[in-house]
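A.B. asks:
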Amino acid sequence: MSYSIIKKRGKVAALDEEIQGHSDFGNEEELSYHCGIAHTRWATHGEPSGVNSHPQRSDPKNEFVVVHNGIITNYKDIKKFLESKGFHFESETDTEVIPKLVKYFYDKTTKEGQELHFRELVEMTVQQLEGAFALAFKSAKFPGEIVATRRGSPLLIGIKSQSPLKKDRLPIVYSSDESQTVEPAVDNADDYHLMNGWSSVETNESGPIEYFFASDASAVIEHTNRVIYMEDDDVAAVVNGCLSIHRIKRGDASDESYFREVQTLQMELQQIMKGNFSSFMQKEIFEQPESVVNTMRGRVNFESGSVRLGGFMSHMDTIRRCRRILMIACGTSYHSALATRQLLEELTELPVVVELASDFLDRCTPIFRDDVCFFISQSGETADTLLALRYCKDRGALIVGITNTVGSSISRQSVCGCHINAGPEIGVASTKAYTSQFLALAMFALMMSEDRISMQEKRKGIIQAMNQLPELIKKVLQLDDQIQSLAHELYQQKSLLVMGRGFQFATCLEGALKIKELTYMHSEGILAGELKHGPLALVDKAMPVIMLVTRDAVFKKCMNALQQVTARQGRPIIICNEGDEEVKSHAFRTLEVPKTVDCLQGIVSVIPLQLLSFHIAVLRGYDVDCPRNLAKSVTVE
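Number 305 in UniProt numbering belongs to position 305 of the sequence shown; there are no gaps in the numbering.
Next up, the structure:
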C-alpha cells in the first residue's frame with residue numbers, strides 16, 4: 001500500500017486547488033479509505049515552502065509520515081545519528097527526524113525478528129525526543145491505523161457516533177513492559193479488567209464512529225462536540241476503527257488519573273462563523289458588549305454589590321493570607337495583568353508582581369510557598385506560561401488559572417481560577433479576550449476586598465461602572481466611521497507612537513501591539529512619564545503620536561506630556577473623555593470616549609485602538625485574521 005502526500009505553501013484554499021488538479025486520483029472517483037492526516041504549519045525550523053510543509057516522511061516510499069505541532073530541541077543530535085545510519089534529509093525542519101526515527105526502529109526490530117505494533121514503535125520514538133510536540137502518525141506498513149501523542153503541546157480527540165457512547169470515560173492501557181506499576185483505586189472489577197487489557201470507545205448500538213485529532217476544539221466543532229483531552233505522554237491509537245489510549249509513564253504516577261473523560265464542548269458552530277462581518281477580528285471587536293456581559297453573568301450582583309467567582313471560593317482564605325501575588329503571562333494577556341495591577345494593589349494592599357513568562361523563566365525567579373501565582377492565557381496552552389506554571393507548582397505556590405478555554409492545559413493544572421467566558425476567539429490578534437481578562441481580574445480584586453470597610457465606597461463605584469460597561473462599549477463602537485477616516489490619514493505612515501500613563505499605560509502597550517500585529521507598522525507604547533528619557537527625540541510634525549488623556553489621578557501629568565509634544569511641533573491624536581474641551585484644544589485629532597471609573601477606563605479606551613489597527617490593516621491590504629508569522633496559540637517557546 002502506498003500513500004499520496006500533497007503539500008502547498010499558502011492558505012488552505014491553495015492546497016484545495018492543488019488537490020483538485022492532482023493526477024493521482026480523479027475528482028469523481030470514490031475513494032474507499034477512512035484515514036488521513038493534515039496540518040497547517042507556522043514555520044519555526046525552515047522557511048515556509050512545500051518541502052518544509054507537513055506531513056514529513058521517512059523515505060520516498062512514504063512508509064511512515066507524521067504531522068507535528070511544536071519544536072524538537074534535540075533534533076540536531078538525532079539527525080546526526082540518522083545520517084550516520086544512511087538516512088538522507090529533504091527538508092530543513094526539525095520534524096523530519098521523527099518519521100525517519102520510526103523507520104529506523106521499524107527496520108531494526110524487524111531485522112531482529114520482533115513484530116511490534118505501530119503504537120509501540122511510536123512509543124520507542126517519542127522517548128528519544130526532547131522539546132514540545134503534538135504528533136499524528138500514519139504508515140503504509142500499518143494501513144488503516146493512526147497513532148497520536150503529545151508532550152507540552154495541546155491535543156484532543158473528537159468522537160462522532162450515530163448512537164450514544166456506553167461510557168463517558170476511557171480507561172488508560174499501560175504498557176506491559178512498564179517497569180513501574182501502580183495498583184490504582186478503581187470503582188469496580190470491570191474497570192480494573194479494562195485497565196489491564198485492551199479498552200476502546202464503545203457505542204450502545206453498532207454503527208459508524210469517527211475520530212478527529214486536533215490541537216484546538218474549534219477545528220472539530222463542526223463535526224462533533226464530544227472530545228477527550230489528551231495528557232502529556234498519552235499515546236492514542238486507532239486500529240480497525242477502535243480507539244485506545246496508552247500511557248508512557250514517567251516517574252511517580254501516584255497522582256495520575258487512570259481514565260480520560262469524554263467531555264461535551266460548550267461551543268456552538270455559529271460562534272466560529274463570521275456572520276455578516278468581513279473578518280473574525282471585526283466580529284469579535286463588535287461582540288465585546290456581549291462578551292463582557294458573559295464574563296460578569298452570574299458573578300456580579302449589582303443590587304447587593306457582591307462579586308462571586310465560583311472557582312476561587314474555597315481558596316479565598318489561603319489567597320488572602322499570601323505573601324504576594326504574581327501574574328505571569330505573554331503578549332495581550334500580560335497587558336491585561338498590567339492593566340489591573342494597580343487596582344489589585346489598591347484593594348488588597350499586597351505586593352503585586354507582573355511578569356512576562358519567558359523572562360520569568362530566564363531569570364529562575366525565586367518563588368515561595370506562600371505566593372499566589374496567576375497564569376493568564378486565552379488559549380490556556382501558551383508554552384512559556386505553561387512552563388512557568390510548572391516551575392511555580394514545583395516550588396509549592398498556589399496556582400491560579402485565568403483562561404478562555406475549558407479543558408485547556410492551564411485550566412486542568414491550576415488549583416483554582418476563572419474561565420472568562422468570552423466565547424471562541426478565532427482572529428489571531430486578541431480583542432474580546434483582552435477586555436474579558438481585564439474584567440475578570442478586576443472582579444477578583446473586588447472579591448479580595450469585600451470585607452474591607454475602608455474600601456466599600458470604592459468597590460461600590462466600580463461595581464456600578466461594571467453595570468454600565470456594555471452600554472459604554474456600544475457607544476465607543478459608534479465611532480467606527482470616524483476611526484476609519486483617521487485610518488485613511490495614517491495607513492501610509494511607517495511608525496506610530498502610543499502614549500499614556502497610570503491606568504492607561506497598559507492600554508498604550510496593547511494598542512501598540514495590535515498595530516504591530518496587524519499593520520506591520522512599527523509602533524511603540526510609551527509611558528508618558530518616560531517621555532524626556534528618550535522618546536521625546538522621536539517627536540516632530542512627521543511622527544504620528546496617539547495620546548490617551550482621560551480624567552483620572554494622572555490627568556495633569558498627562559497634560560504636561562501633551563504640551564511637551566505640541567511644543568516640538570507634534571500633532572497628537574488624542575483619545576479623551578467626551579466633552580473635554582481643555583484637552584481638545586491641544587489636539588490635532590480627537591476620539592472622544594465615555595468616561596467611567598479610572599480602573600475600568602482602559603476597557604473603553606482600548607476599543608478605538610483595536611478598530612484603528614483593524615482599519616489600517618484593511619487599507620494596507622493585509623489579512624487581519626491571519627497576520628504573517630503569527631499563530632493564535634503560541635504552543636512553542
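Backbone N, C-alpha and C define an ideal beta-carbon position, used for all residues, glycine too.
Can you say whether S430 is buried or exposed, counting buried as having 16 or more other CB atoms within 10 angstroms of its CB?
C.D. replies: Under this definition S430 is a buried residue.
A.B. asks: Quick check for students: name the residue ranges of the alpha helix (DSSP H) that lie wholly in the stretch 56 to 128, counting only runs of 4 or more.
C.D. replies: Here the runs fully enclosed are 75 to 84, 97 to 111, 118 to 126.
A.B. asks: With R412 as the anchor, note down where its alpha helix (DSSP H) starts and where it stops.
C.D. replies: That run of the alpha helix (DSSP H) goes 409 to 413.
A.B. asks: Can you check which of these residues, V97, G298, A357, is closest to C373 by C-alpha distance?
C.D. replies: When each option's Cα is compared against that of C373, the closest is A357.
A.B. asks: If I follow the unbroken beta strand (DSSP E) through P544, where does it start and stop?
C.D. replies: Note, P544: beta strand (DSSP E), 544 to 549.
A.B. asks: Taking buried to mean at least 16 other C-beta atoms within 10 Å of its own C-beta, is H533 buried or exposed?
C.D. replies: Exposed, by the Cβ-count rule.
A.B. asks: Run through the stretch 471 to 558 for me and flag every whole alpha helix (DSSP H) of 4 or more residues, listed as ranges in chain order.
C.D. replies: Counting only runs of 4 or more, we get 480 to 490, 505 to 519.
A.B. asks: Taking D317 as the reference, give the member of E355, S449, R260, S244 with the closest Cα.
C.D. replies: Comparing Cα positions, the closest option is S449.
A.B. asks: With distances taken between CB atoms, is the gap from V606 to Y434 smaller than 8 Å?
C.D. replies: Contact: yes.
A.B. asks: Among E510, F302, Q482, V565, which has the Cα closest to the Cα of M443?
C.D. replies: Minimum Cα distance to M443 is reached at F302.
A.B. asks: For R395, which residues of its own chain have a beta-carbon under 6 Å away from its beta-carbon, when the five flanking residues on both sides are left out?
C.D. replies: Only I367 meet the Cβ criterion.
A.B. asks: Can you give me the C-alpha to C-alpha distance between Q180 and Y174, rounded to a whole angstrom?
C.D. replies: Confidence at Q180 is low in this model, with a pLDDT of 37, below 50, so the placement of that residue should be treated as unreliable; the coordinate-derived value is given next. Rounded to the nearest angstrom, the two C-alpha atoms are 10 Å apart.
A.B. asks: Indicate whether Y211 and I159 have their beta-carbon atoms separated by less than 8 Å.
C.D. replies: Taking 8 Å as the Cβ cut-off, Y211 and I159 qualify as a contacting pair.
A.B. asks: Does DSSP put M327 in a helix, in a strand, or in coil?
C.D. replies: Strand, per DSSP.
A.B. asks: With distance defined between alpha-carbon atoms, name the residue in V476, L441, L129 nearest to E578.
C.D. replies: Taking only the C-alpha atoms, the option nearest E578 is V476.
A.B. asks: Of all the options S215, A445, G417, L496, which has the alpha carbon lying nearest to the alpha carbon of L347?
C.D. replies: Of S215, A445, G417, L496, the residue nearest in Cα terms is A445.
A.B. asks: Does the distance from the C-beta atom of R151 to that of D94 stay below 8 Å?
C.D. replies: Not in contact: R151 and D94 (Cβ atoms no closer than 8 Å).
A.B. asks: On the three-pair Cβ rule with 8 Å, is the stretch 579 to 596 touching the stretch 543 to 557?
C.D. replies: The answer is yes - the stretch 543 to 557 touches the stretch 579 to 596, with three or more Cβ pairs under 8 Å.
A.B. asks: Helix or strand or just coil, what does DSSP make of M362?
C.D. replies: A small fix is needed here, since residue 362 is Asp in this sequence, not Met. Here D362 sits in helix by DSSP.
A.B. asks: What does DSSP give as the partner residues of T149 in its beta bridges?
C.D. replies: Per DSSP, L135, V235.
A.B. asks: Who does I245 pair with in a DSSP beta bridge?
C.D. replies: Answer is I172, A236.
A.B. asks: Could you check what DSSP says for A214 in three-state terms: helix, strand or coil?
C.D. replies: The answer is strand: DSSP assigns A214 an E or B state.
A.B. asks: With a CB to CB cut of under 7 Å and the five nearest residues on each side skipped, what residues in its chain are close to H615?
C.D. replies: Answer for H615: I483, Q484, A487, listed in chain order.
A.B. asks: Span of the alpha helix (DSSP H) holding R390?
C.D. replies: Element bounds for R390: 383 to 394.
A.B. asks: The beta strand (DSSP E) spanning I157 covers which residue range?
C.D. replies: Start and end: 156 to 161.
A.B. asks: Where V593 and D480 are concerned, what is the direct C-alpha to C-alpha distance, given to the nearest angstrom?
C.D. replies: For V593 and D480, the distance between alpha carbons rounds to 12 Å.
A.B. asks: When you compare each of K595, K103, P544, C330 to A587 by their alpha carbons, which one comes out closest?
C.D. replies: Comparing Cα-Cα distances from A587 to each of K595, K103, P544, C330, the minimum goes to P544.
A.B. asks: Any chance the stretch 123 to 134 sits against the stretch 69 to 77, with 3 or more Cβ pairs inside 8 Å?
C.D. replies: Verdict: yes, contact present.
A.B. asks: Under DSSP, the beta strand (DSSP E) around N294 begins and ends at which residues?
C.D. replies: First-last for N294: 288 to 296, but that is the alpha helix (DSSP H), not the beta strand (DSSP E).
A.B. asks: Secondary structure at S257, three-state DSSP: helix, strand or coil?
C.D. replies: Here S257 sits in coil by DSSP.
A.B. asks: Pull up the distance between the alpha-carbon of L338 and that of G10, whole angstroms please.
C.D. replies: Cα-Cα distance, rounded: 36 Å.
A.B. asks: Between the alpha carbons of R620 and S495, how many angstroms are there, rounded?
C.D. replies: Cα to Cα, the separation comes out at about 14 Å.
A.B. asks: If you run the structure through DSSP and keep just helix, strand and coil, what is V406?
C.D. replies: V406 falls in the coil class under three-state DSSP.
A.B. asks: When DSSP builds the beta bridges, which residues end up paired with S377?
C.D. replies: S377 pairs with T403.
A.B. asks: Taking C-beta to C-beta, are G423 and S291 nearer than 8 Å?
C.D. replies: Closer than 8 Å, so yes.
A.B. asks: Just how far apart, CA to CA, sit L600 and I19?
C.D. replies: If I take the Cα positions, the gap works out to 51 Å.
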